[in-house]
Amino acid sequence: MDFSIRAANVDDCKDIARMIMELAEYEKVSDHVKVTQKGASCSSSDSRLSPGTSDADLEQDGFSKNPFFHGIIAEVPEQHKTKEGHTKIGYALYFYAYSSWSGRAIYMEDLYVMPEFRGKGVGKALMSKVAQLGLAAGCHQLNFAVLDWNKPSMDFYLSQGCFDITDTMGYHCLRCEGEALKHLAQL
Amino acid sequence: MCKFFQMIQKSHNRSHLTGVTEAIPRNQELAEYEKVSDHVKVTQKDLEQDGFSKNPFFHGIIAEVPEQHKTKEGHTKIGYALYFYAYSSWSGRAIYMEDLYVMPEFRGKGVGKALMSKVAQLGLAAGCHQLNFAVLDWNKPSMDFYLSQGCFDITDTMGYHCLRCEGEALKHLAQL
Numbered sequence: 001m002d003f004s005i006r007a008a009n010v011d012d013c014k015d016i017a018r019m020i021m022e023l024a025e026y027e028k029v030s031d032h033v034k035v036t037q038k039g040a041s042c043s044s045s046d047s048r049l050s051p052g053t054s055d056a057d058l059e060q061d062g063f064s065k066n067p068f069f070h071g072i073i074a075e076v077p078e079q080h081k082t083k084e085g086h087t088k089i090g091y092a093l094y095f096y097a098y099s100s101w102s103g104r105a106i107y108m109e110d111l112y113v114m115p116e117f118r119g120k121g122v123g124k125a126l127m128s129k130v131a132q133l134g135l136a137a138g139c140h141q142l143n144f145a146v147l148d149w150n151k152p153s154m155d156f157y158l159s160q161g162c163f164d165i166t167d168t169m170g171y172h173c174l175r176c177e178g179e180a181l182k183h184l185a186q187l
Numbered sequence: 001m002c003k004f005f006q007m008i009q010k011s012h013n014r015s016h017l018t019g020v021t022e023a024i025p026r027n028q029e030l031a032e033y034e035k036v037s038d039h040v041k042v043t044q045k046d047l048e049q050d051g052f053s054k055n056p057f058f059h060g061i062i063a064e065v066p067e068q069h070k071t072k073e074g075h076t077k078i079g080y081a082l083y084f085y086a087y088s089s090w091s092g093r094a095i096y097m098e099d100l101y102v103m104p105e106f107r108g109k110g111v112g113k114a115l116m117s118k119v120a121q122l123g124l125a126a127g128c129h130q131l132n133f134a135v136l137d138w139n140k141p142s143m144d145f146y147l148s149q150g151c152f153d154i155t156d157t158m159g160y161h162c163l164r165c166e167g168e169a170l171k172h173l174a175q176l
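Residue numbers (UniProt numbering), protein chains in the order written: chain A, 1 to 187; chain B, 1 to 176.
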């Protein structure tokens, strides 16, 4: 199947927002999604999503002077578009990170391919692009997270030579947010 | 909060570079605490370039004590935190705390809490909704501290596993 991988631009935000929601549904966390394209909430047939929960702004956060993330898009030619008319069928979001042990790192926040386009090398190509960009920027690690029940993804990543530092080294991810974060900031 | 220390927030001003050179032994001390000393590859020069150039990969904050409380070796910089800005595709801007360290003789006095609080403040000021970081599961003192500050373990509660690709595997992945 013919597809292309390219850097995301501000006009891709609508499709990125759509696919973020699709990924969240796959991860069973759609009601946690607050990010929107810009201002208005994503439309969805899922009644659990409440409109106007927008807090974040993909256009501002990804495509302004000091972006919080970068994106890459996987596209298919017109003749392979989906029933709904989408040609943008996969994406990856990443940002630069740091390890105080080994230096520059790249963090892959999302990797997603629409179900009907899986198994054709699109995910591997997106991830490979993130790896290339990381190496070009002098990074020594590509880091990311996977949910432990997500066996297809886990198997894919392990087959690409990744290893699970939660299992092997006991790394636990912790988070502070909401009222606890505000309280922590006021100490 | 104890009054006998002060925090200096790192800026991109080169005059703060002297703080970086002293951060290296702290970095190695933390690595020894975490039992991974042979994994530390970052040098002083790396820290200077990666943290204090035009597009830094990280930012740092330092905890300092006055001269009269310096250590036997003469150190007044007795704790640090390294952080960088991150992103959650669900909730937007986030701040990631890569390191939080206080020298053993200065623990239990509120220094760690103050450093972490500063990271939280900086995150909120930048519009972040989450402060994320990692803890090794055997590190009970740290885990207890963080949970007492209202943090929660997303590995335990949501099944998040951290994965990594590096070395030859990373080069191979890039060549696909």
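Even for Gly, the Cβ is constructed at its ideal location relative to N, Cα and C.
Within the same chain, and ignoring the five residues on either side of His-161 (chain B) in sequence, no residue has its Cβ closer than 6 angstroms to its Cβ. Counting of Cβ neighbours within 10 angstroms places Ala-7 (chain A) among the exposed residues, the total staying below 16.
Note that the C-beta distance between Phe-163 (chain A) and Arg-164 (chain B) is below 9 angstroms. Within chain A, Cys-176, Ala-180, His-183, Leu-184 and Leu-187 have C-beta atoms less than 9 angstroms from the C-beta of Gln-149 (chain B), given in sequence order. For Ala-24 (chain A), the enclosing alpha helix (DSSP H) starts and ends at 13-26. When only Cα atoms are considered, Ile-73 (chain A) and Tyr-96 (chain A) end up about 18 angstroms apart. Rounded to whole angstroms, the gap between the alpha carbons of Cys-139 (chain A) and Tyr-107 (chain A) is 10 angstroms. Look at the segment 90-102 of chain A: the residues with a C-beta under 8 angstroms from a C-beta of chain B are Leu-93, Phe-95, Tyr-96, Ala-97, Tyr-98, Ser-99, Ser-100, Trp-101 and Ser-102.
Rounded to whole angstroms, the gap between the alpha carbons of Thr-155 (chain B) and Leu-176 (chain B) is 31 angstroms.
Glu-27 (chain A) and Cys-176 (chain A) have their C-alpha atoms some 21 angstroms from each other. The contact set of Leu-142 (chain A) on chain B, defined by CB atoms closer than 8 angstroms, consists of Arg-164, Cys-165, Glu-166, Leu-170 and Leu-173 in chain order. When DSSP reads this structure, Met-97 (chain B) sits in a beta bridge with B:Tyr-83.
Residue contact with chain A for His-69 (chain B): absent (no Cβ-Cβ distance below 9 angstroms to any residue of chain A). Where Asp-110 (chain A) is concerned, the enclosing beta strand (DSSP E) starts and stops at 103-113. If you look at Ser-99 (chain A), you'll find it in the beta strand (DSSP E) that goes 88-99. Distance from Leu-126 (chain A) to Leu-111 (chain A) at the Cβ level is roughly 6 angstroms; contact confirmed, criterion being Cβ atoms closer than 8 angstroms.
Against chain A, a Cβ distance below 8 angstroms from Glu-98 (chain B) picks out Ala-97, Tyr-98, Ser-99 and Ser-100. Separation of Phe-3 (chain A) and Val-122 (chain A) (C-alpha to C-alpha, rounded to the nearest whole angstrom) is 8 angstroms. Leaving aside the five residues that flank His-129 (chain B) on each side, the residues in its chain whose CB is nearer than 7 angstroms to its CB run, in chain order, Ser-91, Gly-92, Arg-93 and Ala-94. With respect to the 9 angstroms criterion, Ala-169 (chain B) and Gln-132 (chain A) are not classified as neighbours on the basis of their beta carbons. Taking a C-beta distance under 9 angstroms as the contact criterion, Glu-109 (chain A) and Ser-88 (chain B) qualify as a contact pair. At least one CB atom of chain B sits nearer than 9 angstroms to the CB of Thr-166 (chain A).
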